[in-house]
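Here the structure is laid out as structure tokens; the discussion comes afterwards.
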Amino acid sequence: MTAEPMTARPGPAPGAPTTTLTGAEAVVRSLELLGITDVFGIPGGAILPVYDPLMDSKLVRHVLVRHEQGAGHAAEGYAAATGKVGVCIATSGPGATNLVTAIADAYMDSVPLLAITGQVYSTLMGTDAFQEADIVGITMPITKHSFLVKRAEDVPAAIAAAYEIASTGRPGPVLVDITKDAQQEEATFVWPPKIDLPGYRPVTKAHGKQINAAAQLLAEAKKPVLYVGGGVIRSRASEELLALAEQTGAPVVTTLMARGAFPDSHPQHLGMPGMHGTVPAVLALQEADLLISLGARFDDRVTGKASLFAPHAKVVHVDIDPAEIGKIRTADVPIVGDLRDVLIDLSMAFSTLAAEAADTTEWWSYLDGLRNEFPLGYAPTGDGLLSPQMVIQRIGELTGPEAVYAAGVGQHQMWAAQFIKYERPNSWLNSGGAGTMGYAVPAAMGAKVGEPDRVVWAIDGDGCFQMTNQELATCTLNNIPIKVAVINNSSLGMVRQWQTLFYNSRYSNTNLETGHGTVHIPDFVKLGEAYGCLSIRVEREDEIDAAIELALATNDRPVVIDFVVSADSMVWPMVPQGVSNNYIQYAKEHAPSFDEEV
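Numbering (the working numbering), first residue to last: 244 to 841.
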């Protein structure tokens, strides 16, 4: 996978007069020269020197968040929606550690992120100084690299190198920790700086022999599947994927991270695979004779029990990161390279074999039968409360595919992935690998900053919403009019679903309210109003469309809609953890049976 780095603005020509800047000024100037226009953060003592020149920048907009985790997720949302590098800033100690969750999230989902943190004076490091934390050590396992800068003259090279690492190869987070004395000292500012990254040489062009071998397998396969992961989106390869799919006629499945990489409306699309994937997508992978894995990592949520996954399939695995290939499933044809380039080359190689390609008519007949027999759907609620699937489906239908949808983590995340139709890349933002509750609101905020002309929805659960809703204040004060749909079932819904199915309905510490439907603690309408948002509660089906339409018509402030939904609604289909995907369970009509095997 790869994200294209932005072109740095030209620096001084050789022989031009040199400029002396403080390390803090060098941070801001480096960001400007890299083309960074938006950053998210909170000042504190160890990063305060940077905030002084940042105030004077005419090129970099700083968004003051209410929590550092919000800054990190906002930078992630910005990056995921735009394809650019997201930037967040925090002070030392707790400021830096509050970024850790977002950094880990970006690492798992290959999001290009630059985190800049202040550090105590270099002379105080190791003494347990006030707000000291070894953030470089803390983040080393969850970043592509972490830099510690102790000299002002090293600032430009560190920022430029971090940007280069974050945005090339497999995208990911990079941290630059700068001591306070390095920020205060003066040094000659040199741009562009010399970047020395020994051993960092991402491979983008795949070997021709591997491409030809993959094309041969694709031509021979009678049951092929294009198994599409988030790498297709990160590499901006959606057009190339569409061309290959139509050329080969192979069915396509898009993982949770790849929703939108291939149009949902396309007849070759079978939907999302995985624990809560569609029956056709799950069984297509399971029964295929060839998997063309494109920027996917054979995650356990897709494979089920890995040793039983797609037992009859040969595997072509394409990824920019060689560490992913063979990690879970041995690849018959491993291909390391940038997906956009690989897809172009694979399409060219297949074109010479297309005339002799195997007939897939029988395969498609079987898959179309699955689509007809097991469409996505949901049962009416039995308690008179709203169906969450209906709410989310109507949000998608009334808003359309040009919007950006950011979800939290849990049942509402799965329903948003299932019941909203995605037609373009970068329209679906979620925490896939880390599964971070609280992601939606700040990520939507960041997405709206990066894509101000698009409608941006945060589809959140009442559990997730209570973790980061303070960023609504940031949105109101900075004219970032996101729409928030709180899918409020008064519980930690996905955990409750597992308790229903696997723990004899013993709901240990998953009920967030008592007296569901009558007692609202907190009252999300009052909470939203306190943050300056237009706030609405919806409790009846005939109120759903009007509330969504009012939200879409309101662009002078954020909107919060509290949708009071049934706690008994479950996400179906479902593959129980640790079993073969053959055991996918499909809920039918009013009384889904967990024991029913497809």
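Beta carbons: idealized from backbone N, C-alpha and C, even for Gly.
The structure presented is a predicted model; accordingly, all values stated were derived computationally and were not measured.
Where residue i sits in the DSSP three-state scheme
i	result
PHE617	coil
ALA488	helix
MET817	strand
HIS555	coil
ALA358	strand
ALA430	strand
SER608	helix
THR263	strand
ASP439	coil
PHE587	This sequence places Ile at residue 587; Phe is not what is there. Three-state result, ILE587: helix.
TYR350	helix
ASP397	helix
THR546	helix
ASP564	coil
LEU795	helix
GLY320	helix
LEU541	A small correction: the amino acid at residue 541 is Phe; Leu does not occupy that position in the sequence shown. PHE541: coil per DSSP, three-state reduction.
ASP705	helix
THR370	coil
LYS726	strand
SER335	coil
THR498	coil
VAL802	strand
VAL692	helix
Among the options, nearest to residue i - alpha-carbon criterion
i	options	result
THR366	ASP424, GLY320, THR411	ASP424
MET591	GLN713, GLU463, GLN459, PRO435	GLN459
ARG697	ALA716, GLU645, GLN661	GLU645
ARG854	VAL303, ALA324, SER748	The first residue shown for the chain is 244 and the last is 841, placing residue 854 beyond what the model contains.
GLU375	THR386, TRP700, VAL363	VAL363
VAL807	VAL822, THR280, GLY775, GLU756	GLU756
LEU356	LEU297, ARG304, ASP281	ASP281
VAL522	MET500, ASP542, GLY503, ASP611	ASP611
ALA598	GLY492, THR624, ALA686, TYR682	GLY492
ALA796	ASN747, MET688, PRO724	PRO724
PRO414	THR382, HIS388, VAL433	HIS388
ALA314	GLY336, VAL343, LEU297	VAL343
LEU513	MET500, ALA504, VAL495, GLY503	VAL495
Own chain, CB closer than 8 Å to residue i, minus 5 neighbours either side, in chain order
i	result
MET633	TYR621, GLU784, ILE787
SER751	GLN742
ASP397	ALA425
THR250	Below a pLDDT of 50, predicted positions are generally treated as unreliable, and THR250, at 40, falls in that range; the measurement from the model is reported next regardless. Within the same chain, THR250 has close Cβ partners GLY278.
SER842	Residue numbering for the chain in the displayed model covers 244 to 841; residue 842 lies beyond these limits and cannot be assessed.
GLY821	GLY547, LYS548
THR263	GLU429, ALA430, THR431, PHE432
ILE563	MET244, THR245, GLY412, ARG413, PRO445, VAL446, THR447, GLY474, SER478, GLY538, VAL579, GLY580, ASP581, LEU582
SER508	LYS664, GLU666
Residues near residue i in its chain [Cβ-Cβ closer than 6 Å; skip 5 each side]
i	result
ASN824	VAL525, GLN529, GLY547, VAL818
SER273	PRO399, ILE402
PRO577	HIS560, ILE568
HIS655	ILE702, GLY704, ILE730
GLY517	ARG544, VAL545
VAL306	PHE283, ASN721
ILE535	LEU469, VAL559
LYS691	VAL699, ILE723, ILE725
LEU735	GLY706, THR753
ARG614	PRO523
Opposing strand residues paired with residue i [DSSP bridges]
i	result
GLN828	MET817
ASN731	VAL807
ALA597	ALA597 pairs with nothing; no bridge assigned.
PHE390	VAL419
TRP671	TYR648
GLY329	LEU356
SER536	TYR470, HIS560
VAL271	In DSSP, VAL271 forms no bridge with anything.
Close-in-space but distant-in-sequence residues of the same chain around residue i (CB under 7 Å, 5 per side omitted)
i	result
PRO565	VAL579
GLU243	Coverage of the chain is limited to positions 244 through 841, which leaves residue 243 absent and any answer about it impossible.
ASP626	SER809, ASP811
MET688	ALA317, GLY320, GLU714, THR717, CYS718, ILE723, ILE725
LEU302	GLU275, THR280
LEU628	GLY760, VAL807, VAL808, SER809
Any non-hydrogen atom of the ligand ADP closer than 6 Å to residue i Cβ
i	result
ALA464	Within the structure as shown, the ligand ADP is missing, as the structure has no ligands at all.
(message) My parser needs the beta strand (DSSP E) runs of 3 or more residues fully inside the segment 610–668; what are they?
(response) 647–650
(message) Which runs of the alpha helix (DSSP H) at least 4 residues long sit entirely within the segment 748–793? Give them in chain order.
(response) 767–773
(message) Just to confirm the assignment: which complete alpha helix (DSSP H) runs, minimum length 4, are found wholly within the segment 281–317?
(response) 291–297
(request) Could you pull out every unbroken beta strand (DSSP E) segment of at least 3 residues lying fully inside the segment 508–534, listed in chain order? (result) 512–514
(request) Go through the segment 444–494 residue by residue and report every complete run of the beta strand (DSSP E) that reaches 3 residues or more, in order. (result) 467–471
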